[in-house]
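To start, the structure under review is shown below, and the notes come after it.
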């Protein structure tokens, strides 16, 4: 059992209510938001020319023109009051590790009282709004100290405490209380962790963002087809690697009509996020931010200042691929006979380990289970991408010879891989590295796209075939 959540320094601002009110920005027009952002980023390139430019830069970058919803003093105090970035006459940089809550929102006409069922329309249309259930929830840690970008996916059906609603699905928090209530619910789930800022984006914004960046290349693991006339939702994607435009990317992210339901959707979101980071987050994207923002700004709500937003992007452009780590709240599906609704029931013990190791949060250190240094007892899964059953059998034998016995051969992975991927499914990177050391090949990834109940998933690639043929004795054939 967890102890009561400790008082969080981010939830108790030392500033007076009057000073908090003074910090709250007035909501600017959409035009001025884009203009201020363009001015700030443009001046960043020439800020060293004169002190005057530097002063203008400070004024423009310290504003929050992308905040669509004015927060009350109480809600504003939920988030950190500390500065996250500094510019010093150049592109802003992060001054410390920060936790950003990202909420992807889908709002239909039927979700809002001001949009009663429209008989003339005949279906539930998407609305450019932020007052809805959060379809996607991510806690993202930007860590300049360790040069890591850690992401925790929180399934929308996760059962947890939501203020004034009790134990319910965590995606309801945004509907009933916006970003502040969502931040409180996430902090409650994660043992009191502090959340510095939030970003809310609705699905229309995601579509426009992907289009503005020219699409993203993704491997679609299987055919995806679904039709819902009541929402005008039409999903029709073929398996294989392809470049998805904004609408297709939404289809890829929203599809959840398989045996894993929303959890499979979370895994596909992580596949898309990794592709997005590897292909589209770069210096060129940073230079195009003003233009991109002008396209999507009406679909974004955030309490990040322009300076902080640029600092986050600046950090992300420099991060190594191997240092982008993606996790998911561990748990299991609820028993339909025990619960009236379908929930994702979090495994709090494993979750505490995850938060302690990857989010540098140690309130519960004394209660976190010690990780077993003997990793031979972990649950291994193998997903073959070589289309060679004999090779898989020999890999199982080799793993048995090195002491691994809890092995499951899962469904093959449809994307042919050159290099084997050893996936730390629940974030235990030490266990994945131990497997890598035993095998003598492969690349370690921290993400939750592997076999759901495994500790480590081996996604077998062509490098195994080469090693087997050239040096059979290296793995004790």
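In this note's numbering, the protein residues as written are 1344 to 1820. Even glycine gets a Cβ: it sits at the ideal position worked out from N, Cα and C. Quantities reported herein were computed from a predicted structural model and do not represent experimental measurements.
query                                                                                                                                                                                              : result
DSSP state of residue 1573, grouped into three classes?                                                                                                                                            : coil
Can you confirm whether residue 1509, when its beta carbon is compared against all beta carbons of chain D, has any partner nearer than 8 angstroms?                                               : Note that chain D does not occur in the displayed structure, where there is just one protein chain.
Give the straight-line distance between the Cα atoms of residue 1429 and residue 1626, rounded to the nearest whole angstrom.                                                                      : 19 angstroms
Where does residue 1512 land, buried or exposed, given buried means 16+ other C-beta within 10 angstroms?                                                                                          : buried
Would you call the stretch 1436-1451 and the stretch 1479-1489 touching, i.e. three or more CB-CB distances under 8 angstroms?                                                                     : yes
Might you give, ordered along the chain, the residues of its own chain that have their beta carbon closer than 7 angstroms to the beta carbon of residue 1712, omitting 5 neighbours on each side? : For residue 1712, the pLDDT reaches just 45, beneath the cut-off of 50, and the residue's location in the model is therefore unreliable, although a value from the coordinates is still provided. Counting only Cβ-Cβ distances below 7 angstroms, and skipping sequence neighbours, we find 1692, 1696.
Count the other CB atoms within 10 Å of the CB of residue 1771; is the residue buried (16 or more) or exposed (fewer)?                                                                             : buried
My understanding is that residue 1569 touches residue 1598, with C-beta atoms under 8 angstroms, so please give their C-beta distance in whole angstroms.                                          : 6 angstroms
Does at least one heavy atom of the ligand SAH sit under 7 angstroms from the Cβ of residue 1776?                                                                                                  : Absence of the ligand SAH is noted for the structure shown, with no ligands found whatsoever.
Quick one: Cα of residue 1424 to Cα of residue 1773, how far?                                                                                                                                      : 35 angstroms
Take residue 1727 as the anchor and find which of 1703, 1758, 1422, 1742 has the nearest alpha-carbon.                                                                                             : 1758
Among all the DSSP beta bridges, which residues are the ones paired with residue 1544?                                                                                                             : 1447, 1643
In angstroms, rounded to a whole number, what distance separates the CA positions of residue 1611 and residue 1675?                                                                                : 18 angstroms
Let me know the secondary structure DSSP gives residue 1657 once reduced to three states.                                                                                                          : helix
Can you have a look at residue 1679 and say buried or exposed, based on whether 16 or more other CB atoms are within 10 angstroms of its CB?                                                       : exposed
Whose C-alpha, out of 1407, 1755, 1525, is nearest the C-alpha of residue 1497?                                                                                                                    : 1525
What does residue 1477 pair with, by DSSP beta-bridge criteria?                                                                                                                                    : 1448
Which whole-angstrom value is the C-beta distance of residue 1579 and residue 1553, which I expect to be below 8 angstroms?                                                                        : Wrong, their Cβ atoms sit about 17 angstroms apart, outside the cutoff.
Which whole-angstrom value describes the C-beta separation of residue 1792 and residue 1766, a residue pair presumed to lie in contact below a C-beta threshold of 8 angstroms?                    : 7 angstroms
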